[in-house]
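**Q** Take a look at this one; I'll ask things after.
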Amino acid sequence: MDQQLLVFVTVVEKQNFSRAAETLHMTQPAVSQHIQMLERSVGTKLLNRSNKYVHLNKAGEIVYHHAKEILGLYTKMRNLVDDLTNTATGELSIGASYTFGEYVLPHIIARLREQFPLIKPTITIGNTYEIEELMTNNQIDVGIVEGEIKSKKLHVEDIAEDFMSIIVSGKHPFAMHKDLTLQDLQNETWIVREKGSGTREATDGMFEKFQFSPKDMMEFGSTQIIKESVEAGLGVSLLSHWAIHKELKLEKLAILKIQGFPIIRKFSLVTPSTKFQTKASEVFVTLLKDKEGYNII
C-alpha cells in the first residue's frame with residue numbers, strides 16, 4: 002500500500018504519468034497499474050485525466066491529504082528503527098517561519114553539518130500557520146516559529162528571544178531623533194507582513210498594546226521586500242533585529258528610539274507530542290538550544 006500511495010502522490014505532484022514514472026524510475030504502465038490498484042482499493046476514481054495532465058477529483062483530494070500524512074509517518078517510523086543501531090544520520094525535515102529560517106537557521110545548519118555530516122537537512126520556509134500545518138500533517142520533523150501555535154496536539158517550547166524595533170530608511174528625518182513617540186508615526190505608511198506570519202502577529206499586537214491605528218498600511222509577503230521598501234523611503238515597519246543587522250551596519254536602515262521598544266517575543270521550537278524522535282532530530286534540537294548558536298549579529 003505504501004508503494005501505491007507514493008506513486009499516487011508523485012503523479013499528483015508531477016501532474017503527469019510520464020514525469021512521475023521518470024521520477025520514480027518506473028515504466029509508465031507500472032505507474033498506471035499502481036494507480037488502478039489504489040483506485041480499486043478505495044472503490045472510486047481519484048484522478049481526472051486529460052491528454053497532458055491529471056488533476057485530483059474530490060475523492061482524490063481526500064486520499065492525497067491522508068497519503069502525505071501516512072508517508073510522513075512511515076518515513077519517521079523507518080528512521081526511528083534505523084536509529085536503534087546507527088549514529089545520527091539520514092534525512093531531517095525542518096520547517097521555519099521567515100525570520101528564523103532566513104536569518105538564523107543557516108548558521109545552525111552550518112554547525113549541524115560540521116558536527117554531523119551524514120545528516121541531510123531539508124528546509125521549508127513558511128509563515129507560522131503554514132509550519133503548524135506541515136507539522137500537524139507529519140510532513141516535517143521539527144519546526145521553529147515566532148508566532149503562536151494554535152494546535153494542542155503539538156509540543157511547543159521557547160528556545161530564544163527576538164527583539165523587534167520600528168525601522169526607517171537611514172536617510173529618514175526621524176533617523177536621528179531621540180525623543181519620538183509612536184504618535185509621531187501616525188501619518189507614515191506602515192509596511193507589514195501578511196496575515197498568518199509571526200511578524201504580522203507581533204505588529205498587530207504592538208498596534209493593540211499602544212492603541213495605535215495607522216492611517217496608511219501596505220501588506221507584503223516577504224521580509225526582504227519590506228526591508229528594501231523601507232530603505233527606499235516607502236514607509237516604516239516593525240522588524241526583528243535578526244533580519245536587519247546587516248542593513249544597520251551599512252546605515253541603510255535605522256532603528257527609531259521610542260519608549261517601550263524594542264518589543265521582545267519568543268522563538269518557539271515545535272515538535273510532535275511523542276516521546277519518539279530520530280537521532281537527527283535530537284542532535285538538531287540540542288544545537289538549537291545551545292545559545293552560542295545565536296551569536297551571529
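So the sequence shown is residues 2 to 298, counted in our numbering. Each residue gets a CB set at the ideal place from its N, CA and C atoms; glycine is no exception.
Less than 8 angstroms between the C-beta atoms of Tyr54 and Gln5, yes or no?
**A** In the sequence shown, counting from the first residue as 1, residue 54 sits at position 53. In the sequence shown, counting from the first residue as 1, residue 5 sits at position 4. No, the pair does not count as a contact, with Cβ atoms beyond the cut-off.
**Q** Nearest CA to the CA of His173: which residue from Gln184, Leu155, Gly234 and Lys247?
**A** As a working mapping, residue 173 is identified with position 172 in the sequence shown. For His173, the nearest C-alpha among the options comes from Gly234.
**Q** Can you check whether the CB of Gly197 is closer than 8 angstroms to the CB of Thr100?
**A** Your numbering for residue 100 matches position 99 in the sequence shown. Your numbering for residue 197 matches position 196 in the sequence shown. The answer is no: Cβ separation not under 8 angstroms.
**Q** Only counting the same chain, and skipping five residues up and downstream in sequence, which positions put a Cβ closer than 7 angstroms to that of Lys290?
**A** By one-based count along the sequence shown, residue 290 stands at place 289. Taken in chain order, the residues that qualify are Ile160.
**Q** Taking the alpha-carbon positions, what's the Thr217 to Thr190 distance?
**A** In the sequence shown, counting from the first residue as 1, residue 217 sits at position 216. In the sequence shown, counting from the first residue as 1, residue 190 sits at position 189. It is worth fixing the name first, because residue 217 is Asp in this sequence and not Thr. Their Cα atoms are separated by approximately 5 angstroms.
**Q** Which residue wins for smallest C-alpha separation from Ile95, given the options Ala68, Leu113 and Thr123?
**A** Translated into positions along the sequence shown, residue 95 becomes position 94. Of the candidates Ala68, Leu113 and Thr123, the one whose C-alpha sits nearest the C-alpha of Ile95 is Thr123.
**Q** Could you tell me which of Gly222, Ile264, Glu283 and His246 sits nearest to Leu239, measuring between CA atoms?
**A** Here residue 239 corresponds to residue number 238 of the sequence shown, with the count starting at 1. Selected option, being the one with the closest Cα: Ile264.
**Q** So what does DSSP say about Val13, is it helix, strand or coil?
**A** As a working mapping, residue 13 is identified with position 12 in the sequence shown. In this structure, Val13 counts as helix in the three-state DSSP scheme.
**Q** Rounded to whole angstroms, what's the CA-CA distance from Ile71 to Lys46? Just pull it up for me.
**A** For the purposes of this step, residue 71 is identified with residue 70 of the sequence shown, where counting begins at 1. For the purposes of this step, residue 46 is identified with residue 45 of the sequence shown, where counting begins at 1. Ile71 and Lys46: Cα-Cα distance of roughly 20 angstroms.
**Q** In chain order, which beta strand (DSSP E) runs of at least 3 residues are fully inside the segment 145 to 189?
**A** Qualifying beta strand (DSSP E) stretches, in chain order: 155 to 170.
**Q** Rounded to a whole number of angstroms, what is the C-alpha to C-alpha distance between Ala68 and Ala22?
**A** In the sequence shown, residue 68 corresponds to position 67, counting from 1. In the sequence shown, residue 22 corresponds to position 21, counting from 1. One C-alpha to the other measures close to 18 angstroms.
**Q** Taking 8 angstroms as the threshold (C-beta atoms), are Ile126 and Gly102 in contact?
**A** Position 101 of the sequence shown holds residue 102. Position 125 of the sequence shown holds residue 126. A contact, by the Cβ cut-off of 8 angstroms.
**Q** Just how far apart, CA to CA, sit Ser42 and Tyr65?
**A** Position 41 of the sequence shown, counting from 1, holds the residue named residue 42. Position 64 of the sequence shown, counting from 1, holds the residue named residue 65. When rounded, the distance between both Cα atoms is 14 angstroms.
**Q** Given Ser269, which residues of its chain have a CB within under 6 angstroms of its CB, disregarding the five upstream and five downstream residues?
**A** Stepping through the sequence shown from its first residue, residue 269 is reached at position 268. Excluding residues within five positions, the ones whose Cβ falls inside 6 angstroms are Val146, Val157 and Asp159.
**Q** Indicate the three-state DSSP secondary structure (helix, strand or coil) for Ile141 in the structure shown.
**A** The count along the sequence shown starts at 1 and reaches residue 141 at position 140. The answer is coil: DSSP assigns Ile141 none of H, G, I, E or B.
**Q** Just the Cα atoms here: how many angstroms apart are Lys228 and Asn138?
**A** Position 227 of the sequence shown holds residue 228. Position 137 of the sequence shown holds residue 138. Looking at the two C-alpha atoms, the distance is approximately 33 angstroms.
**Q** Cutting at 6 angstroms between CB atoms, please list the residues of its own chain near Glu92, excluding the five before and the five after it.
**A** By one-based count along the sequence shown, residue 92 stands at place 91. Correct list, in chain order: Lys121.
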